[in-house]
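>
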Amino acid sequence: MNQPRVETQREVGDEVRQTTCYMCACRCGINVHMKSGKVAYIEGNRDHPINKGVLCAKGASGIMQVTAPSRLSAPLRRVGPRGSGAFEVISWEEALSTAVSWMKPLRETAPEKLAFFTGRDQSQSLTGWWAQNFGTPNYAAHGGFCSVNMAAGGIYTIGGAFWEFGQPDWERTKLFVMFGVAEDHDSNPIKIGIGKLKARGARVISVNPVRTGYSAVADDWIGITPGTDGLLILSLIHCLLEAGKVDLDYLAQWTNAPLLVNEAEGAEKGLFVKNAESQPFVIDRRSGHPAPWDGKGVQPDLGAEWQGNRTVFRHMAEEYLTPEYAPEAVASRCGVTPSRIRALAAELAEVAFDQAITLDQPWTDFRGNEHADMPGRPVSFHAMRGISAHSNGFQTARALHLLQIILGSLETPGGYRLKPPYPKPIEAHPTPHFVTTPGKPLTGPHLGYVRSPDDLCLLPDGSPARIDKAFSWENPFSAHGLMHMVIPNAHAGDPYRIDTLFLYMANMSWNSSMNSTRVMEMLTEQKDGEYVIPRIIYSDAYASEMVAYADLILPDTTYLERHDCISLLDRPISEPDAAGDAIRWPVLEPDREVRCFQSVLLDLGARLGLPGMVNEDGSPKFKDYADYIVNHQRRPGVGPLMGFRGNGEAQGRGAPNPEQMERYIENGAFYQAHVPAEASFFKPWNAAYQDWAVKLGLYESPQPYLFNIWSEPLRRFQLAAEGFGPRQPPDHLRDRLKQAMHPLPIWYAPFGDEDAAFGYPVHALTQRPMDHYHSWGSQNAWLRQIKGHNYLYLPTKIWEVQGFAEGDWARVSSRAGTIVVPVAHMAALNENTVWTWNAIGKRKGAWALDEGAPEATTGFLLNHLISELLPDRNGVRLSNSDPVTGQAAWFDQRVRVERVAAEDHVRGTVEPMFEKLPDPPREGGGPIRNGGQNSSKNFAESLRKLLRLPEGTR
Amino acid sequence: MTALPHSTAKKLGLVIDLDTCVGCQACVTACKGWNDAGIGLSDQDPYGADPSGTFLNRVHSYQVTVPDAPAQVVTFPRSCLHCDDAPCVTVCPTGASYKRAEDGIVLVNEDACIGCGLCAWACPYGAREMDAAQGVMKKCTLCVDRIYNETLPEEDREPACVRTCPTNARHFGDLADPDSKVSQLVAARGGYDLMPDMGTKPTNKYLPPRAKGPGTASPLAPLLDIKATGIAGWLDRMLGKI
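Heads up: the protein sequence lines correspond to chains S and U, in order.
Taken in order, the first sequence gives residues 28 to 981; the numbers are from this note's numbering.
Taken in order, the second sequence gives residues 54 to 295; the numbers are from this note's numbering.
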């Protein structure tokens, strides 16, 4: 048989350019194969620490993102009513001078009238520094509606957290338990890790109301009731304590379990007993006398009682051994049987204690005690938004860390390991800064870690200093701000009105806001002939739903057309065994009038004369973002990138090196500084790690600390709520603070549970799929073919009781609104929970999709059901957020689900359905709509540019 | 009609681990990207109301209800299985569809394909897709333009879907060689043929999900009766262990 000749030697391209992916927040390394100057193929970079060669569905589809017709193509100025989508194309000079003309007077008179909030970004160390130098207190990124509970709960407890702060010891762990880990966070690292565990036959357990993705391959699935993870975890702790399956040595050495809690009535009650040097201390078992907590050779007595003051360990035992945490007491609430809870506790104990491992690696701790080896307890955990997006999420995250602590697994071989710059105790973080002086910068960074009521951001009259009310009594530890409250608060003038809202990559008029319907109204509402939020400047690369609601659009580049730094000052790409940072660089030059937002920000800063952004003669200090990345110094010798500093050989600390960017590009767009072997575990207490971290520039001096089982900062707020101290909360918040700011991890019912009594019994959740990221996926030509439809998934109980059938629709109602949507049956689901994929639903006309696109006709958001405010209590409506951190409590949502007969609702169109957004000028040919009020001089020229079809469009 | 080779020297194919596949779709778009750049895989109405395009590999998910246990979800990647008795080959009227004698890969000679669609009809696995723009049949080539491609680094000479798979659920090799890594995996894990009753003798194998359920650790015994001794008794017993 004659076989045809097959081409087997095809050359992919003529050049490979290595950069960093940005199809989600994972920051994988990619090889971009170029052919004749165009992107031909994208694959993972095998040498890259994050993805080690693999790449997810989104990453390989990035090739379609750089040709997407939704790409904005030039700066725009609104010419019609807000929301109408009527824009004119303007020049960059016009755009920048307009922005400066709005911002400059604010800086000179009332800097707080500018609110600058950024959505999905990886440049917070730049954007925060810019806002600090502008002098507005109103800055944050998107952590408040994302996962600040996860970050803050971890940092206040262990000086690190889940997600990018650490990862399981994939090589050694024998049992891996996930709580509330949806399919997206994090992406490739957790998939690679699960693959490794499966290959070794290690066991994977998922606690999650929904069984998809990682939960689908887990060896065991616990379909918990949403919002009760904390209660389940405390019940596991109960079982472990009851059986004595606790690592006492670990607790005594590395945690504050042996510290003494002051029992004397008064302003010090519940704080640690301190010595004359204001240091907490322990009772040494050898002498029975007080001894320094960090003293060499000291053997802390966990059970001590000294002058009537008991140890944290004794308080813990008293709290968690009470019958209220027994499996039998929590089972029905959690939707998990007592026997399954006991079985999970037994499994954790067996692996931690009966299958313990030891690394033959000597090390020395910060006290000077020498250890012959590194004992490990090979149980590890990961948790994400499923536990954090609740109003009890902060304490639930703390509870999970406590579970890891009593098992003695954190930072030991086989357990959960922190990644540089973590571990980092709250003492090494700044406190929040907020005091404004016209024409001057803030005295420090906006975001930080509050230690006591003294650190709150309050004005002299006690009202919140920030527009989002972050760091106020309503949510004292809001370390990431409350982006979801900016528009509602600015609209309500509570705590005050602002002038200009400056947003970057944040789809606030659609999927990134609670109560999206109402937010659209807030953005367009007028008072006395002016918009209530007078000016909105927005930067995005694409024609998202938010574009229509802005007055001035600063179009950004795509991720393949820009510089970026993934910095140790921000959100780096470290691994437990190496600090790592990375860059993006333009592997393609933009073919339209767009600019890297960070370069634009530096340009604006120079035009405004902001400190650090201008030379002495007033000229711009930085040509663009790349220039800043290489030459900016945050502290002497420490800049955005750690690699190739000084003469090119210096790591961490060193003078700026003009060749640095080129060296990163040659090195595959990343750099790693490896942790020495003796420093690789027990990092918070490991002298070799601490010395290495100082040398690298992560801190200025060693920062050893104890894990905070008992949290003094929390207790200080309880004390204030009890009436102690000069700074007092408003009376209506006292009970809530007493409950939420408990110094030990506790559980209380999510605030949303109250809605059950008003006829909304069902939990409603969303999750992002692995193949989409926020709104980006569904405009991607390949990804939307994979997941272009979303349904509300109903559990068997609801499906059968109401007689649902395939193709049915349901009316879903909450206290805040109603939606009518397509449904589907899902058996592998908690029986009282419904859910859908997040942000598949699009508004008609957005993202350059056809108005008949399924995303716009049958795609839907749950956001319309979710109020940003809790119900009225005595005339006060607090935000629908965690009372500790202000994290948006998306997953507290309760709804009612009712089948809708075909006669009562025409299939094929969801409710609510909003008016089609006019197509803004964009690369794919969106028509120019001249609002009839203004006509730009360069209109004709712009039109000519715009109508050119993008190269590569098919 | 087209003849199959009597035997092939090698049986190159994929082993897909259903215990590890999380359904992330990475293999789907890596395949789309690689083959779009090579043989072209068109998309129709990509930003429209009913987008449809050619994909050589798709991942579907299925719910499995199990008696007396929680329901499960299995994600299932599907592509050409490079069958020994490939009905898509024998049905082809022009000889365009063929199975290579040297390695067993089933390919389409696009120059000879008339786009009649018989092969797609004959394939019991739905593993072939007609490219609407080109009018020819497309299918998994096992990345024949990667696995022998000397312009690629040696470590990259494997199918794009295998190279990209984040959970390492996809394995490539010679299933005719009992000592190959893939054959060993199939033996160790009880790999099976998809729909063996169709008589197609697929080369690709699937590894079944492992048994799921609660662990087998012995229940924990309380240290003592805390109700009787109080916390003080528990503390004495507990700390006495140090």
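Where a beta carbon is used, it is the ideal one built from N, C-alpha and C, also for glycine.
This structure is a prediction, so every number in the text was calculated from the model and none was measured.
1) Residue 25 of chain U to residue 258 of chain U, Cα distance in whole Å?
2) Take residue 451 of chain S as the anchor and find which of S/187, S/709, S/589, S/667 has the nearest alpha-carbon.
3) With distances taken between CB atoms, is the gap from residue 134 of chain U to residue 276 of chain U smaller than 8 Å?
4) Determine the direct distance from the alpha carbon of residue 713 of chain S to that of residue 384 of chain S, and round the result to whole angstroms.
5) Using C-beta distances below 7 Å, list every residue in its chain close to residue 604 of chain S, excluding the 5 sequence neighbours before and after it, in chain order.
6) Name the chain S residues whose beta carbon is nearer than 8 Å to that of residue 279 of chain U?
7) Using only the alpha-carbon positions, how far apart do residue 663 of chain S and residue 617 of chain S sit?
8) Just the Cα atoms here: how many angstroms apart are residue 543 of chain S and residue 832 of chain S?
9) Helix or strand or just coil, what does DSSP make of residue 955 of chain S?
10) Between the C-alpha atoms of residue 756 of chain S and residue 159 of chain S, what's the straight-line distance to the nearest angstrom?
11) For residue 184 of chain S, which option in S/146, S/743, S/732, S/924 has the closest C-alpha, if you only look at C-alpha atoms?
12) Counting contacts by CB-CB distance shorter than 8 Å, is residue 263 of chain U in contact with chain S?
13) Once DSSP output is grouped into helix, strand and coil, what is the label at residue 68 of chain U?
14) Counting only Cβ pairs nearer than 8 Å, list the residues of chain S close to residue 276 of chain U.
15) Count the other C-beta atoms from every protein chain shown that fall within 10 angstroms of the C-beta of residue 316 of chain S, then say buried if there are 16 or more, exposed otherwise.
16) Assuming residue 214 of chain U is part of the alpha helix (DSSP H), what are its boundary residues?
17) Kindly say whether residue 284 of chain U, judged by its beta-carbon, lies nearer than 8 Å to any beta-carbon of chain S.
18) For residue 242 of chain U, decide whether its Cβ has a neighbour in chain S, counting only Cβ atoms nearer than 8 Å.
19) Among S/34, S/588, S/263, S/419, whose alpha-carbon lies nearest the alpha-carbon of residue 90 of chain S?
20) With 8 Å set as the bound, which would you pick, yes or no: does the beta-carbon of residue 106 of chain U sit closer than that to a beta-carbon of chain S?
21) Tell me whether residue 782 of chain S sits in a helix, a strand or coil according to DSSP, three-state version.
22) Which chain S residues sit within Cβ distance under 9 Å of residue 258 of chain U?
23) Look up residue 276 of chain S in the DSSP assignment and give the residues it is bridged to.
24) Leaving out five residues before and five after residue 284 of chain S in sequence, what residues of the same chain have Cβ atoms less than 6 Å from its Cβ?
25) Can you list the residues of chain U that residue 367 of chain S reaches, using a CB-CB cut of under 7 Å?
26) Which word fits residue 22 of chain S, buried or exposed, when buried means at least 16 other C-beta atoms lie within 10 angstroms of its C-beta?
27) Taking 8 Å as the CB-CB limit, is residue 173 of chain S close to chain U?
28) Applying a beta-carbon distance threshold of less than 7 Å, which residues of chain U neighbour residue 34 of chain S?
29) So, helix, strand or coil for residue 366 of chain S, using DSSP?
30) Nearest-angstrom Cα distance between residue 516 of chain S and residue 219 of chain S?
31) My understanding is that residue 194 of chain S touches residue 446 of chain S, with C-beta atoms under 8 Å, so please give their C-beta distance in whole angstroms.
32) Enumerate in chain order the residues of its own chain whose CB-to-CB distance from residue 263 of chain U is below 8 Å, with the five nearest sequence positions on each side excluded.
33) At which residues does the alpha helix (DSSP H) containing residue 167 of chain U begin and terminate?
34) Quick one: what's residue 837 of chain S bridged to in DSSP?
35) Please state if the CB of residue 176 of chain U and the CB of residue 214 of chain U are separated by a distance shorter than 8 Å.
36) What residues from the region 844–859 of chain S come within 9 Å of chain U, judged by C-beta to C-beta, listed N to C?
On the basis of the coordinates in this document:
1) Only positions 54 to 295 of chain U appear in the structure, and residue 25 of chain U is not among them; the question remains open.
2) A check of alpha carbon separations from residue 451 of chain S across S/187, S/709, S/589, S/667 identifies S/187 as the nearest.
3) In this structure, the beta-carbon distance from residue 134 of chain U to residue 276 of chain U does not fall below 8 Å.
4) Between residue 384 of chain S and residue 713 of chain S, the C-alpha separation is close to 19 Å.
5) So the list reads 701, 702, 707, once near-sequence residues are dropped.
6) For residue 279 of chain U, the residues of chain S that pass the 8 Å Cβ criterion are 269, 348, in the order they occur in the chain.
7) Near 34 Å, if we compare the C-alpha coordinates of residue 617 of chain S and residue 663 of chain S.
8) C-alpha separation (whole angstroms): 30 Å.
9) Per-residue confidence for residue 955 of chain S stands at a pLDDT of 45, beneath the threshold of 50, marking its modelled position as unreliable; no derived number is given.
10) Straight-line measurement puts the Cα of residue 159 of chain S at about 27 Å from the Cα of residue 756 of chain S.
11) Residue S/732 is the option with its Cα nearest to residue 184 of chain S.
12) Chain S places a beta carbon closer than 8 Å to that of residue 263 of chain U, counting this residue as a contact.
13) Here DSSP, grouped into helix, strand and coil, assigns residue 68 of chain U to strand.
14) Under the 8 Å cutoff, chain S gives 269, 270, 271.
15) Around the C-beta of residue 316 of chain S, fewer than 16 other C-beta atoms lie within 10 Å, and the residue is accordingly described as exposed.
16) That run of the alpha helix (DSSP H) goes 213–217.
17) Yes, because at least one Cβ of chain S sits closer than 8 Å to the Cβ of residue 284 of chain U.
18) Contact with chain S is absent for residue 242 of chain U, since none of that chain's Cβ atoms lies less than 8 Å from the residue's Cβ.
19) Out of S/34, S/588, S/263, S/419, S/588 has the C-alpha closest to the C-alpha of residue 90 of chain S.
20) Cβ-Cβ to chain S under 8 Å: yes for residue 106 of chain U.
21) It is helical.
22) Residues of chain S with a Cβ closer than 9 Å to the Cβ of residue 258 of chain U do not exist; the shortest Cβ-Cβ separation is about 17 Å.
23) Residue 276 of chain S is not bridged by DSSP to any residue.
24) Counting only Cβ-Cβ distances below 6 Å, and skipping sequence neighbours, we find 278, 329, 339, 340, 736.
25) Identification of chain U residues near residue 367 of chain S by a Cβ-Cβ cut-off of 7 Å yields 267, ordered along the chain.
26) With chain S running from 28 to 981 in the structure shown, residue 22 of chain S is simply not present.
27) Using beta-carbon distances, residue 173 of chain S does not count as an interface residue toward chain U, since no partner is under 8 Å.
28) From the beta-carbon of residue 34 of chain S, the residues of chain U found nearer than 7 Å are 198.
29) When DSSP states are grouped into helix, strand and coil, residue 366 of chain S belongs to the helix group.
30) So the two alpha carbons sit approximately 42 Å from each other.
31) At roughly 7 Å, the Cβ-Cβ gap stays under 8 Å, so residue 194 of chain S and residue 446 of chain S are in contact.
32) Excluding positions up to five away in sequence, the list reads 72.
33) Looking at the DSSP string, residue 167 of chain U is not in any alpha helix (DSSP H), and its letter there is neither H nor E.
34) As computed with DSSP, residue 837 of chain S is found in a beta bridge with S/848, S/926.
35) For the pair residue 214 of chain U and residue 176 of chain U, the CB atoms are not nearer than the 8 Å cut-off.
36) Residues passing the 9 Å Cβ filter: 852, 853, 854, 855, 856.
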